[in-house]
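Colleague: Please read through the structure below; I'll follow up with questions.
Number of protein chains: 2
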Amino acid sequence: MKKNVLVIGAGGVGQVVVHKCAQNNELLGDIHIASRTVEKCQRIIASVHEKNALKTHGALQAHALDALDVAATVRLIKQTGAQIVINVGSSFLNMSVLSACIETGAAYIDTAIHEDPAKICETPPWYANYEWKRRAECERSGLTAILGAGFDPGVVNSYAKFACDSYFDRVQSIDIVDINAGRHGRYFATNFDPEINFREFTGQVWSWQNSKWTSNKMFEVSREWNLPVVGLQKAYLTGHDEVHSLSQLLGVPNVRFWMGFSDHYINVFTVLKSLGLLSEQPIRTAEGLQVVPLKVVKAVLPDPASLAPDYEGKTCIGTLVEGERAGKPHQAFVYNVADHKQAYQEVGSQGISYTAGVPAVAAALLIASGEWDVRRMANVEELPPQPFLRQLNRLGLPTRIVQNGLDSPVDPV
Amino acid sequence: MKKNVLVIGAGGVGQVVVHKCAQNNELLGDIHIASRTVEKCQRIIASVHEKNALKTHGALQAHALDALDVAATVRLIKQTGAQIVINVGSSFLNMSVLSACIETGAAYIDTAIHEDPAKICETPPWYANYEWKRRAECERSGLTAILGAGFDPGVVNSYAKFACDSYFDRVQSIDIVDINAGRHGRYFATNFDPEINFREFTGQVWSWQNSKWTSNKMFEVSREWNLPVVGLQKAYLTGHDEVHSLSQLLGVPNVRFWMGFSDHYINVFTVLKSLGLLSEQPIRTAEGLQVVPLKVVKAVLPDPASLAPDYEGKTCIGTLVEGERAGKPHQAFVYNVADHKQAYQEVGSQGISYTAGVPAVAAALLIASGEWDVRRMANVEELPPQPFLRQLNRLGLPTRIVQNGLDSPVDPV
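Here the protein sequences come in this chain order: U and R. If you count the first sequence from 1, position 22 lands on 22 in full-length UniProt numbering, and the numbers rise without skipping. If you count the second sequence from 1, position 36 lands on 36 in full-length UniProt numbering, and the numbers rise without skipping.
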């Protein structure tokens, strides 16, 4: 039974995580939030109070922290008495925060893979480059470290595990589909940090096909999907974290990730990329100023958090599993539909942040209850899906399934 | 009879000007070239020697100069004994260089209107904002200052004057059409300094219609043109220098400028502009670095001079005059077709630089001969067109005319 949560990162996802922790503080204990910019933490705390979101009276405190500084993070964990750390800061911080957790014994949760700022799209499987190198270290110190516990990666991994176990004798393929059918009303914006967002699409696209790593270019392969609620949608084969764990952990010969993009998004992205404006390598202006083009693009784009008030429409994210059941071909699509406006009304963030943040709190609750306090490093598909899906149902991300032409809720017992 | 030329600016146009001056140095005397970066001048001089372009033995020298520094420019004019200054540097320099010319008595030639770096698209007529305020000063000191003596503005103004005088009793409209049907093989590039190039299209589009200034948005008004050699081309109503002098000096009720753009150019431009990346106002990155987005875009785009070796195809730039002759509607299209590859072979620059630079040298030759040494400030349409068109024929930019369905060369006597 662990308690007291330190949330690292005060962006849109941090906002969701803190709100959801507050709504469940009778189970989670004290809540602390830390960011380089303490004012961002204070704004989130103010919004929690504004919505009267704390379930019971309890600590809710802001801290200034550079989470690349392991010693400072260790001090803050000790000072706050946090036994669970939810890391939703920049992907560049993961390994530092993990080190601080190992040193203090606080359970670690993140929602996206570790990245080196200087590298894009490293050798697959990505988890083997940083995270899995530290599996033994976690095992030795009995540290619970849950990797990629957002929606995708995270919930979709659990969907895959749940469907494979429950409905299939043999699985041929896992396809994860992520469609944001929402509208923010701006000319162009990314739904989270543009620097991280664009990095996803500037390298090669790795997928796992016929039990081999296959490389494609971004926007090279697309497929039409007919999905619940959001309807017919075009999505593109995209490199994504969960392909790099599911392929290694579930023994399925085909694992692919598909993300929906509008023609407008692709056009803007293509122009920026073709001109070299998405480069993370510094260039020099005629006046001699050294600058990273991607950081300039980030500076002119809308702050993703600013999109929330006007965001409308729904997301549909799910896992399609195909294989055999009782000797016959079978398929199941396990999914969730989230609504941008509802998310904003509840926690002041748009739906993309909501779907990423809520599962991390579900994971924290399962560590607090002991169900997921596994005292080792684990990707989500290595953990029992039932308690996770139950928590998600309760926390506002209900699971549904389409199977044999029937669309029904999933309520695992 | 003036001689010895100082060329200010060592970009693509400077390269053309120096080559053409060298080819005519028996008439122009010593040739000097100055730029902030003296190495650029030296490279141009090397290319003149490489092509053996000096007509006769004579001085050809490079100088480092910040032409915003009037005193330094005065010193260089005196030191070189230049009696003609051809200013093909940045548009931000014009008024400083003009001051140095007034102080020394050296004749002044430029090819584009003066611009204030902090302002875009000022009140029409643009010439009244800076240049024409100094008409009296030039008159008093007997200074020859020829404004806008490139191709457009410049040659097209002379085409207008020539056609109005030679073929019309009454003129209703002057439409200048600028089509570059060339291909440089890059994803995207501007044909001259991107900072100046984009500034042309980010403000409102001023045209002179029914004897009034009319404002449109860029890419709002387009028209299909069927032109000699380059064929059917779509061009857009665009703000441009010559509209601001022809409208005031020739008494014609409609003066418009049309520039051809590919759909691809418009798309890239629209994306960059919509995102705020063409702004000349500084922004601040998340890391606190202050930077002007337009300067970053300039830094990632190809150097316009680097396009020359691969540039293929032709430009067609001309003036369509419509009105009455002997009581009947009449129209005349006076134009030139230039070839990118030929320009590169002759002077090492692409066709856009060639068409801009050659007319300035024609103007210099007419000042040297006395024909245009008018000892006052003048736009090109205020000067006799015949000697100019004769020089242009001789220098590689022959004039043709389409009239009464007949396409024929113009060789004014």
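Backbone N, C-alpha and C define an ideal beta-carbon position, used for all residues, glycine too.
Check whether the stretch 64-77 of chain U and the stretch 86-101 of chain U touch, using three or more Cβ-Cβ pairs below 8 Å as the test.
Modeller: In short, these stretches touch, since the Cβ pair count reaches three.
Colleague: Would Thr-123(U) be called buried (16 or more neighbouring beta carbons within 10 Å of its own) or exposed?
Modeller: Exposed.
Colleague: When DSSP labels each residue in this structure, what does residue 415(R) get in the three-state scheme?
Modeller: Nothing in the structure corresponds to residue 415(R), since chain R is present only between 1 and 413.
Colleague: With the cut-off set at 8 Å, would you say Tyr-108(R) and Ser-245(R) are in Cβ contact?
Modeller: No, these two residues do not count as a Cβ contact at 8 Å.
Colleague: Taking the alpha helix (DSSP H) that Tyr-159(U) belongs to, which residues open and close that run?
Modeller: That run of the alpha helix (DSSP H) goes 155-167.
Colleague: Should Arg-140(R) be flagged as near chain U, meaning a C-beta pair shorter than 8 Å?
Modeller: Answer no: the Cβ-Cβ gap between Arg-140(R) and chain U never drops below 8 Å.
Colleague: From the DSSP output, in three-state form, read off Ile-174(R) for me.
Modeller: Strand, per DSSP.
Colleague: Does the CB of Leu-54(U) have a neighbour CB from chain R at under 8 Å?
Modeller: Chain R, which has no Cβ nearer than 8 Å to the Cβ of Leu-54(U), makes this no.
Colleague: Pull up the distance between the alpha-carbon of Gln-83(U) and that of Ile-31(U), whole angstroms please.
Modeller: So the two alpha carbons sit approximately 11 Å from each other.
Colleague: Can you tell me which residues form a DSSP beta bridge with Leu-294(U)?
Modeller: Leu-294(U) is not bridged to any residue.
Colleague: For Ser-274(R), does the count of other Cβ atoms within 10 angstroms reach 16, so buried, or fall short, so exposed?
Modeller: It counts as exposed.
Colleague: Confirm, please, whether the CB-CB distance from Asp-152(U) to Ile-45(U) is below 8 Å.
Modeller: No, Cβ-Cβ distance for Ile-45(U) and Asp-152(U) is not below 8 Å.
Colleague: Output, in chain order, the set of chain R residues within a Cβ distance shorter than 9 Å of Asn-267(U).
Modeller: Near Asn-267(U) (Cβ distances below 9 Å), the residues of chain R are Asn-267, Val-271.
Colleague: Exposed or buried, Asp-116(R), counting other C-beta atoms within 10 Å across all chains shown (16 or more means buried)?
Modeller: With fewer than 16 other Cβ atoms within 10 Å, it is exposed.
Colleague: What are the boundary residues of the alpha helix (DSSP H) that includes Met-259(U)?
Modeller: From DSSP, Met-259(U) is part of no alpha helix (DSSP H) but of the beta strand (DSSP E) over 254-260.
Colleague: Buried or exposed: Asn-379(R), going by 16 or more other Cβ atoms within 10 Å of its Cβ?
Modeller: Flag for Asn-379(R) reads buried.
Colleague: Helix, strand or coil, according to DSSP, for Pro-329(U) in the structure here?
Modeller: Reduced to three states, the DSSP call for Pro-329(U) is strand.
Colleague: Consult DSSP for Leu-227(R) and reduce its assignment to one of helix, strand or coil.
Modeller: Here Leu-227(R) sits in strand by DSSP.
Colleague: Need the endpoints of the alpha helix (DSSP H) that Asp-407(R) sits in, please.
Modeller: From DSSP, Asp-407(R) is part of no alpha helix (DSSP H) but of the beta strand (DSSP E) over 406-409.
Colleague: Out of Asn-24(U), Gly-231(U), Ala-59(U), which has the shortest C-alpha to C-alpha gap to Asn-180(U)?
Modeller: The option with the nearest alpha carbon to Asn-180(U) is Gly-231(U).
Colleague: Could you tell me the alpha carbon to alpha carbon distance between Leu-98(U) and Glu-200(U), rounded to whole angstroms?
Modeller: If you take the alpha carbons of Leu-98(U) and Glu-200(U), they lie about 22 Å apart.
Colleague: Checking contacts by CB at 8 Å: is Arg-183(U) closer than that to chain R?
Modeller: Closer than 8 Å: no.
Colleague: Along the chain, where does the beta strand (DSSP E) that runs through Asn-379(R) open and close?
Modeller: 377-379 is the extent of the beta strand (DSSP E) around Asn-379(R).
Colleague: Going straight from the alpha carbon of Val-255(R) to that of Gln-331(R), what length do you get?
Modeller: For Val-255(R) and Gln-331(R), the distance between alpha carbons rounds to 14 Å.
Colleague: Determine the chain U residues that contact Arg-284(R) at a beta-carbon separation under 8 Å, and present them in chain order.
Modeller: The contacting residues are Ala-299.
Colleague: Would you mind giving the Cβ-Cβ distance between Pro-359(U) and Lys-161(U), rounded to the nearest angstrom? I have them listed as a contact below 8 Å.
Modeller: Actually they are not in contact, since the Cβ atoms of Pro-359(U) and Lys-161(U) sit about 14 Å apart, beyond 8 Å.
Colleague: Can you find at least 3 beta carbon pairs, one from the stretch 194-208 of chain U and one from the stretch 288-300 of chain U, that sit closer than 8 Å?
Modeller: Flag = yes, the stretch 194-208 of chain U and the stretch 288-300 of chain U touch.
Colleague: How many Å lie between Gln-350(R) and Val-156(R) at the Cα?
Modeller: C-alpha separation (whole angstroms): 19 Å.
Colleague: Are the beta-carbon atoms belonging to Val-205(R) and Leu-237(R) less than 8 Å from one another?
Modeller: In contact: Val-205(R) and Leu-237(R) (Cβ atoms closer than 8 Å).
Colleague: Excluding the 5 residues preceding and the 5 following Gln-23(R) in the sequence, name in chain order all residues of the same chain whose CB lies nearer than 6 Å to its CB.
Modeller: For Gln-23(R), where only same-chain residues beyond five positions count, the Cβ hits under 6 Å are Ala-53, Lys-55.
Colleague: Quick one: residues in its chain with C-beta nearer than 8 Å to the C-beta of Asn-210(R), no 5 flanking neighbours on either side, listed in chain order?
Modeller: Taken in chain order, the residues that qualify are Pro-253, Asn-254.
Colleague: Taking 8 Å as the CB-CB cut-off, is Phe-201(R) touching chain U?
Modeller: Output row for Phe-201(R): interface = no.
Colleague: Determine, using beta carbons only, whether Lys-234(U) and Glu-224(U) come nearer to each other than 8 Å.
Modeller: Against a cut-off of 8 Å, the Cβ pair of Glu-224(U) and Lys-234(U) comes out as a contact.
Colleague: Considering Cα atoms alone, identify which of Leu-60(R), Ile-120(R), Glu-50(R), Val-85(R) is closest to Glu-280(R).
Modeller: The candidate whose alpha carbon is nearest that of Glu-280(R) is Ile-120(R).
Colleague: So, for Gly-81(R): in the same chain, excluding its five sequence neighbours on each side, which residues have a beta-carbon less than 6 Å away from its beta-carbon?
Modeller: So the list reads Asn-4, once near-sequence residues are dropped.
Colleague: Just the Cα atoms here: how many angstroms apart are Asp-407(U) and Arg-400(U)?
Modeller: Using only the alpha carbons, I get a separation of about 7 Å.
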